[in-house]
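All the letters of the sequence shown, read from the start, carry residue numbers 1 to 316 under full-length UniProt numbering.
Glycine included, every Cβ here is placed at the ideal spot set by N, Cα and C.
Predicted model, so just to flag it, every value in this text is computed and none were measured.
Written out below as structure tokens is the structure these notes cover.
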Amino acid sequence: MAVYTSLTAAELTDLLSQYDVGELVAYTPISAGIENSNYAVTTSQREYVLTLFEHHAPDEVRNFVRLARHLGTKAMSVPSPVEDASGVWLHSLKNKPTILCQRFAGSHPDQLSEQQCEAIGRELAEFHLASSDLPDPRHDERGYDWWQSIASELSTDLNASDKALLTDELAFQQAQRAQWCQLPHGWIHADLFHDNALFDGDELTAILDLYNACEGAWLYDLAIVANDWCASDDSGLDPKRFEALVIGYQSVRPLSEFESGMWNTVLRGAALRFWLSRLLATRMAKSRSEELPAHKQPTEYRDRLRWHRAKSLSKG
Ligand SMILES: Nc1ncnc2c1ncn2[C@@H]1O[C@H](COP(=O)(O)OP(=O)(O)OP(=O)(O)O)[C@@H](O)[C@H]1O
Ligand SMILES: N[C@@H](CCO)C(=O)O
Numbered sequence: 001m002a003v004y005t006s007l008t009a010a011e012l013t014d015l016l017s018q019y020d021v022g023e024l025v026a027y028t029p030i031s032a033g034i035e036n037s038n039y040a041v042t043t044s045q046r047e048y049v050l051t052l053f054e055h056h057a058p059d060e061v062r063n064f065v066r067l068a069r070h071l072g073t074k075a076m077s078v079p080s081p082v083e084d085a086s087g088v089w090l091h092s093l094k095n096k097p098t099i100l101c102q103r104f105a106g107s108h109p110d111q112l113s114e115q116q117c118e119a120i121g122r123e124l125a126e127f128h129l130a131s132s133d134l135p136d137p138r139h140d141e142r143g144y145d146w147w148q149s150i151a152s153e154l155s156t157d158l159n160a161s162d163k164a165l166l167t168d169e170l171a172f173q174q175a176q177r178a179q180w181c182q183l184p185h186g187w188i189h190a191d192l193f194h195d196n197a198l199f200d201g202d203e204l205t206a207i208l209d210l211y212n213a214c215e216g217a218w219l220y221d222l223a224i225v226a227n228d229w230c231a232s233d234d235s236g237l238d239p240k241r242f243e244a245l246v247i248g249y250q251s252v253r254p255l256s257e258f259e260s261g262m263w264n265t266v267l268r269g270a271a272l273r274f275w276l277s278r279l280l281a282t283r284m285a286k287s288r289s290e291e292l293p294a295h296k297q298p299t300e301y302r303d304r305l306r307w308h309r310a311k312s313l314s315k316g
């Protein structure tokens, strides 16, 4: 949790002078986030967030931000970069691609309510529909092929029971490939956990961190949201929050009968994906002699996968 690149007031003032955003009043590093450096910036006109991309070249950033810019033109509350006085939105500070976005009000929800789940469901469906006319979604680098390849790499870190679970689930998912391919698909957020949304009470003010957005099944995106926002103490899903989420989503884009029949498969796939990515993150943290925070442990998603599998068995 860090800001990796330090900035002086003079550097920031120089950057802001290219925009029509008023004078610099204050700036504070934002410690949440592990990937990029973010600053909360107050000018005489309004509040902004300045992001310096730590690991990406300008062309990659252009590609990441394409979706946010598209959704910004449709008045969705996502961090879309502000243009400077000559229409340029991608700048460079300390040799790092840099953007300035509107700072949204609100905070990350903590005790998730049914109203918040309904709101995020509605917003996700809006996101799917509003992005559907933007061509060439990015390839999902954490999709099915990655599940297969990373699973064999990571299996040496697992005990026998987890290895058996992983092998069995991959075989199940492989058998379901043809069905997955028939699901309605397009751009998906792919990481809409509750720490990537802002709320003011029960009112959703923004969805953030579109940098994993890629092509995928829309139901899969909804399942990623369900596994996090509706998580229950027994490692499964809370039925009331899950119902609220689906009601919210369907109020904008009703699910087809085929999609509704695929829930269990897709919830399992979404749990598997984050079990694997957290296992990988654990391995990487260990190599730096660090640990993942308690709320990002792989076991949470392994246990959720087990819960979904037990559900499908109990349905017979
Ligand atoms: N436009 C914005 N308005 C308000 N707050 C924002 C905005 N952009 C970022 N933030 C705040 O900064 C934090 C970090 O942003 P973000 O999640 O994009 O970080 P990151 O390091 O790029 O990604 P990661 O979550 O993968 O570590 C967010 O959790 C949020 O609190
Ligand atoms: N949202 C992810 C981390 C960022 O991709 C997780 O909780 O595992």
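- Of L192, R273, P81, the smallest CA-CA separation from L154 is found for R273.
- Apart from sequence neighbours up to five positions away, the residues of its chain that approach F104 with a beta-carbon distance below 7 Å are S77, L198, T205, A206, ordered along the chain.
- Taking A285 as the centre and dropping the five residues before and after it, the same chain places the C-beta of E291, L292 closer than 8 Å to its C-beta, in chain order.
- The beta carbon of R69 sits closer than 8 Å to the beta carbons of S80, P81, W89 from its chain, once the five residues preceding and following it are set aside; these are given in chain order.
- The beta carbon of V21 sits closer than 8 Å to the beta carbons of T43, Q45, R46, Y48, V82, L100 from its chain, once the five residues preceding and following it are set aside; these are given in chain order.
- In the structure shown, H56 adopts coil according to DSSP, grouped into three states.
- Between G269 and R278, the alpha-carbon positions lie close to 14 Å from each other.
- The Cβ atoms of G143 and G216 lie closer than 8 Å to each other.
- Annotation for W275: P298, Y301, R302, L305 place their beta carbon closer than 7 Å to its own, counting only its chain and skipping 5 residues before and after.
- Counting along the chain, Q18 sits inside no alpha helix (DSSP H), nor does DSSP assign it H or E at all.
- Of the heavy atoms belonging to ligand 2, at least one sits nearer than 7 Å to the Cβ of N212.
- Every residue with a CB closer than 7 Å to a heavy atom of ligand 1 is listed here in chain order: I30, A32, G33, I34, E35, N36, N38, V49, T51, P79, C101, Q102, R103, F104, H108, D195, N196, L198, A206, L208, D209, Y211.
- Relative to the non-hydrogen atoms of ligand 2, the Cβ of S277 comes within a distance shorter than 7 Å of at least one.
- If only complete runs of 3 or more residues are kept, the stretch 76-122 shows the beta strand (DSSP E) at 91-93, 96-102, in order along the chain.
- C230 carries a coil assignment under DSSP once its states are collapsed to helix, strand and coil.
- The three-state reading of DSSP puts Y48 in strand, counting E and B together.
- Per DSSP, reduced to three states, the secondary structure at L183 is coil, with no helix or strand assignment.
- In the structure shown, G72 adopts helical secondary structure according to DSSP, grouped into three states.
- Segment contact: the stretch 153-167 against the stretch 207-214, fewer than three CB-CB distances shorter than 8 Å; contact not assigned.
- Closest by C-alpha distance to D84, out of Y19, V25, L67, G72, is Y19.
- For A175, no beta strand (DSSP E) encloses it; the enclosing alpha helix (DSSP H) starts and ends at 160-175.
- The continuous alpha helix (DSSP H) containing I247 extends over residues 239-250.
- Around the beta-carbon of G248, 16 or more other beta-carbon atoms lie within 10 Å, marking it buried.
- A distance below 8 Å separates the beta carbons of L52 and K94.
- Taking C-beta atoms under 8 Å as the contact rule, A213 and W229 fail to qualify, at a distance of about 18 Å.
- Between S113 and D200 a beta carbon distance of about 13 Å is seen, past the 8 Å cut, so the two are scored as non-contacting.
- Boundaries of the alpha helix (DSSP H) harbouring Y144: 144-154, taken from the DSSP string.
- Not one heavy atom of ligand 2 sits closer than 7 Å to the Cβ of D221.
- In the DSSP assignment, F199 falls within the unbroken beta strand (DSSP E) covering 197-200.
- Under the DSSP assignment, V41 falls in the beta strand (DSSP E) whose first and last residues are 37-43.
- In the DSSP annotation of this structure, the continuous segment of the beta strand (DSSP E) that includes L204 starts and ends at 203-207.
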